[in-house]
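These notes concern the structure reproduced below.
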Amino acid sequence: MSALAPKTILMTGLSGLIGRWTAARLTKDGHRIVAPLRQAESRRPGLIDWINAHGGDGSLIDWIDVDLAAPDFIKTLEGATDLAALTHIYSFAAAMEWHLDPKVARQINVKAVRALLARAAGLPAFERFVHISGYLVTSKRHQAHIGFEPAKLAQEKKEPTRALARLYKRIGAYEASKIEADYLVRRAAVEGLPVTILNPSTVIGSTTDGEAHQVYGLEGILDGLATGTFAAIPGNAQDWIPLVAIDHLADFAAKIPLSDQDPLTDYVLLSQGTPTLPDMVAIIAGEMGVKAPRRRVPLWALKALLNAGLEDRLGVPLEGLVFINDYRYDTTSAEAAATRHGLVHGDIVATLRKTVRYWYAVRQNEQAA
744 MSALAPKTIL
754 MTGLSGLIGR
764 WTAARLTKDG
774 HRIVAPLRQA
784 ESRRPGLIDW
794 INAHGGDGSL
804 IDWIDVDLAA
814 PDFIKTLEGA
824 TDLAALTHIY
834 SFAAAMEWHL
844 DPKVARQINV
854 KAVRALLARA
864 AGLPAFERFV
874 HISGYLVTSK
884 RHQAHIGFEP
894 AKLAQEKKEP
904 TRALARLYKR
914 IGAYEASKIE
924 ADYLVRRAAV
934 EGLPVTILNP
944 STVIGSTTDG
954 EAHQVYGLEG
964 ILDGLATGTF
974 AAIPGNAQDW
984 IPLVAIDHLA
994 DFAAKIPLSD
1004 QDPLTDYVLL
1014 SQGTPTLPDM
1024 VAIIAGEMGV
1034 KAPRRRVPLW
1044 ALKALLNAGL
1054 EDRLGVPLEG
1064 LVFINDYRYD
1074 TTSAEAAATR
1084 HGLVHGDIVA
1094 TLRKTVRYWY
1104 AVRQNEQAA
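Per this note's numbering, the sequence shown starts with residue 744, numbered consecutively.
Put into structure tokens, the structure is as follows:
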């Protein structure tokens, strides 16, 4: 049990990678979760089994069959549970796909978040809104590149309608919608709602055995190396895709926001020990027992090929290239908070190796079935 008094937490996105691991940690500490979920009746048994098997307590989760894409999902929640008892909202749901229709992306990633923020503001026992954003938008260089600074714009009274319109034209709907949601959460903090923003990098498996039921952000590399279609490494020698282990991220999400006191806390969660992309590719290839490519292709050249219609043939999404860069990120506040709570990230290279072995074993079992 946690030393904290048990909290009552509404968590969206519980079925996702970050959600289920965090739910296991929260319920292990005795906190109760209200989980909105599509097709909850059929999906609940499997999720309860998974959470119990990972040290949590599935009996502490109340499941509500609701679709966040529905415009009136808040009314459904109000009719199914006592929202007045909520102390926290964990906003973990996201529509995560390349080439998302902007309307679909905004419904889940923006409008649902806006509705949750509005409802949180009127809850009598409410303590904090916890939101999953992303590490990339914390980079000043990236903010300059896309022409959008969420923290700065959140200080202004007028909504940045034109800046948002330009944002959706400049980058993919997934990233744009997540950045818009980041702005909304920061704006709510300015207006007085206590907020914690978690900005994780690419999430890989657990430090113990590499378990992860999805590796969003690395699938292209993993699939390409496994099938022999990953012929060249994008970018330069210093580019990287920073990583964070799922169990460390879940431990952090289950502990730190519940003890945060500042009106707005903002954490970048990644391992500074993440290898560069060329080294990462070599590590992954080594674990698979395949040859790693040595050739590199400049990002500008790869973008030109993808813009020419070769995305399907090359197996590389154009939208995904923005996550390959040489930006570096400030993890000082996250590392300090982790230290205060006795959380240790562990060896990220060892975790990457375990993740590859886990992913490869699952792939082989699926192919053999």
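Glycine residues also receive a C-beta, built at the ideal position from the N, C-alpha and C atoms.
Q.
Could you give the first and the last residue of the continuous beta strand (DSSP E) run that contains N942?
A. The residue given as residue 942 occupies position 199 in the sequence shown. Note, N942: beta strand (DSSP E), V938 to P943.
Q: Please classify W1102: is it buried, with 16 or more other beta-carbons within 10 angstroms of its beta-carbon, or exposed?
A: As a working mapping, residue 1102 is identified with position 359 in the sequence shown. Buried: at least 16 other Cβ atoms inside 10 Å.
Q: Would you decide whether G865 is buried or exposed? Buried here means 16 or more other CB atoms lie within 10 Å of its CB.
A: To locate residue 865, count along the sequence shown from 1; it is residue 122. With fewer than 16 other Cβ atoms within 10 Å, it is exposed.
Q. Grouping DSSP H, G and I as helix and E and B as strand, with all else coil, what is W721?
A. Given a span of 744 to 1112 for the chain in the structure shown, any question on residue 721 remains unanswerable.
**Q.** DSSP state of V1087 mapped onto helix, strand, coil
**A.** Residue 1087 sits at position 344 when you count from the first residue of the sequence shown. In the structure shown, V1087 sits in coil (DSSP, three-state: anything other than H, G, I, E or B).
Q.
Suppose the cutoff is 8 Å on Cβ atoms and the five residues either side in sequence are ignored; what does the same chain contact list for R1039 look like?
A. Against the sequence shown, residue 1039 aligns to sequence position 296. Only A975, I976, P977, G978, N979, A980 and P1021 meet the Cβ criterion.
Q) Does DSSP put F973 in a helix, in a strand, or in coil? A) In the sequence shown, the residue the question calls residue 973 occupies position 230. Coil at F973, not helix or strand.
Q. Per the contact definition of three or more C-beta pairs closer than 8 Å, is the stretch 980-997 in contact with the stretch 912-925?
A. No, the stretch 912-925 is not in contact with the stretch 980-997.
Q) Can you name, in chain order, every residue of its own chain whose Cβ lies under 6 Å from the Cβ of K771, other than the five neighbours on each side? A) Taking the sequence shown and counting its residues from 1, one reaches residue 771 at position 28. Taking K771 as the centre and dropping the five residues before and after it, the same chain places the C-beta of G798 and G799 closer than 6 Å to its C-beta, in chain order.
Q: Just the C-alpha distance for L843 and R1083, rounded to the nearest angstrom, thanks.
A: Translated into positions along the sequence shown, residue 843 becomes position 100. Translated into positions along the sequence shown, residue 1083 becomes position 340. Rounded to the nearest angstrom, the two C-alpha atoms are 39 Å apart.
**Q.** C-beta contact flag for A812 and G756 at 8 Å
**A.** By one-based count along the sequence shown, residue 812 stands at place 69. By one-based count along the sequence shown, residue 756 stands at place 13. No, the Cβ-Cβ distance between A812 and G756 is not below 8 Å.
Q) Which of helix, strand or coil does DSSP assign to V1024? A) For the purposes of this step, residue 1024 is taken as residue 281 along the sequence shown, with counting starting at 1. It is helical.
Q. By DSSP, does T1008 sit in helix, in strand, or in coil?
A. Numbered from 1 along the sequence shown, position 265 holds the residue referred to as residue 1008. If DSSP states are grouped into helix, strand and coil, T1008 belongs with the strands.
(Q) Measuring straight from C-alpha to C-alpha, what distance separates V1087 and A1111? (A) Counting from one through the sequence shown, the residue named residue 1087 turns up at place 344. Counting from one through the sequence shown, the residue named residue 1111 turns up at place 368. Whole-angstrom Cα-Cα distance: 37 Å.
Q: Report, in whole angstroms, the separation of the C-beta atoms of V1011 and T881, which I expect to be a contact under 8 Å.
A: Your numbering for residue 1011 matches position 268 in the sequence shown. Your numbering for residue 881 matches position 138 in the sequence shown. Right, the Cβ-Cβ distance comes to about 5 Å (below 8 Å), so this counts as a contact.
Q: Could you check the C-alpha separation between A969 and P867 for me, to the nearest Å?
A: Here residue 969 is taken as the residue at index 226 of the sequence shown, counted from 1. Here residue 867 is taken as the residue at index 124 of the sequence shown, counted from 1. When rounded, the distance between both Cα atoms is 53 Å.
Q. Does DSSP put H797 in a helix, in a strand, or in coil?
A. Walking along the sequence shown from the start, residue 797 turns up at place 54. It is coil, neither helix nor strand.
Q | Residue range of the unbroken beta strand (DSSP E) whose run includes W1170 | A | Look at the range of the chain in this structure, 744 to 1112, and you will see that residue 1170 is not part of it.
(Q) Looking only at its chain, what residues have a beta carbon closer than 8 Å to the beta carbon of F816, apart from the 5 residues adjacent to it on each side? (A) By 1-based counting over the sequence shown, the position of residue 816 is 73. Answer for F816: P779, V809, D810, A855 and A858, listed in chain order.
**Q.** Distance, Q957 Cα to V847 Cα
**A.** As a first step, residue 847 is located in the sequence shown; it is residue number 104 there, counting from the start. As a first step, residue 957 is located in the sequence shown; it is residue number 214 there, counting from the start. So the alpha carbons of these two residues sit roughly 21 Å apart.
Q) Is A955 near T751, with beta carbons less than 8 Å apart? A) Locating residue 955 in the sequence shown gives position 212, where the first residue counts as 1. Locating residue 751 in the sequence shown gives position 8, where the first residue counts as 1. No. Outside cutoff.
Q | L780, DSSP secondary structure in three states | A | One-based indexing of the sequence shown puts residue 780 at position 37. Reduced to three states, the DSSP call for L780 is strand.
Q. Expressed to the nearest angstrom, what Euclidean distance is found between the alpha-carbon atoms of Y911 and Q1004?
A. The count along the sequence shown starts at 1 and reaches residue 911 at position 168. The count along the sequence shown starts at 1 and reaches residue 1004 at position 261. Each residue's alpha carbon lies about 34 Å from the other.
Q: Report yes if the C-beta distance between I964 and V1024 is below 8 Å; otherwise report no.
A: Along the sequence shown, read from residue 1 onward, the residue named residue 964 stands at position 221. Along the sequence shown, read from residue 1 onward, the residue named residue 1024 stands at position 281. Going by C-beta atoms, I964 is nearer than 8 Å to V1024.
Q) For W983, which of L829, L1001, R929 and L1013 has the nearest alpha-carbon? A) One-based indexing of the sequence shown puts residue 983 at position 240. It is L1013.
**Q.** L1064 and L1048 closer than 8 Å at C-beta
**A.** Within the sequence shown, residue 1064 is the residue found at index 321, counting from 1. Within the sequence shown, residue 1048 is the residue found at index 305, counting from 1. Against a cut-off of 8 Å, the Cβ pair of L1048 and L1064 comes out as no contact.
Q) What residue does the alpha helix (DSSP H) around Y833 start on, and which one ends it? A) Translated into positions along the sequence shown, residue 833 becomes position 90. Run containing Y833: none in the alpha helix (DSSP H); it sits in the beta strand (DSSP E), H831 to S834.
Q | Close beta carbons around L907, own chain, < 7 Å, minus the five adjacent residues each side | A | Residue 907 sits at position 164 when you count from the first residue of the sequence shown. E923.
**Q.** R884 versus L961: straight-line alpha-carbon distance, rounded
**A.** If you number the sequence shown from 1, residue 884 lands on position 141. If you number the sequence shown from 1, residue 961 lands on position 218. Distance between the alpha carbons of R884 and L961 is about 23 Å.
Q.
Are the CB atoms of A894 and R929 within a distance shorter than 8 Å?
A. Mapped onto the sequence shown, residue 929 falls at position 186. Mapped onto the sequence shown, residue 894 falls at position 151. Yes, the Cβ-Cβ distance between R929 and A894 is below 8 Å.
Q. Under 7 Å from any heavy atom of the ligand NAD, does the C-beta of G1052 make it?
A. Looking for the ligand NAD in the displayed structure turns up nothing, as the structure carries no ligands at all.
**Q.** Runs of alpha helix (DSSP H) lying entirely within the stretch 857-897, each at least 4 residues, in chain order
**A.** 883-889 and 893-897
Q: Could you check the C-alpha separation between G789 and V777 for me, to the nearest Å?
A: The residue you call residue 789 lines up with position 46 of the sequence shown. The residue you call residue 777 lines up with position 34 of the sequence shown. Spanning the alpha carbons of G789 and V777 requires a straight line of approximately 17 Å.
Q: Can you tell me which of the three DSSP states L753 falls into?
A: Counted from its first residue, the sequence shown places residue 753 at position 10. If DSSP states are grouped into helix, strand and coil, L753 belongs with the strands.
Q) Is the CB-CB distance between L1001 and L747 below 8 Å? A) Counting from 1 along the sequence shown, the entry for residue 1001 is found at position 258. Counting from 1 along the sequence shown, the entry for residue 747 is found at position 4. Result yes, Cβ atoms of L1001 and L747 sit closer than 8 Å.
Q) Between the beta-carbon of E870 and the beta-carbon of H831, is there less than 8 Å? A) As a working note, residue 870 is residue 127 in the sequence shown. As a working note, residue 831 is residue 88 in the sequence shown. Their beta carbons are under 8 Å apart, which means E870 touches H831 by this criterion.
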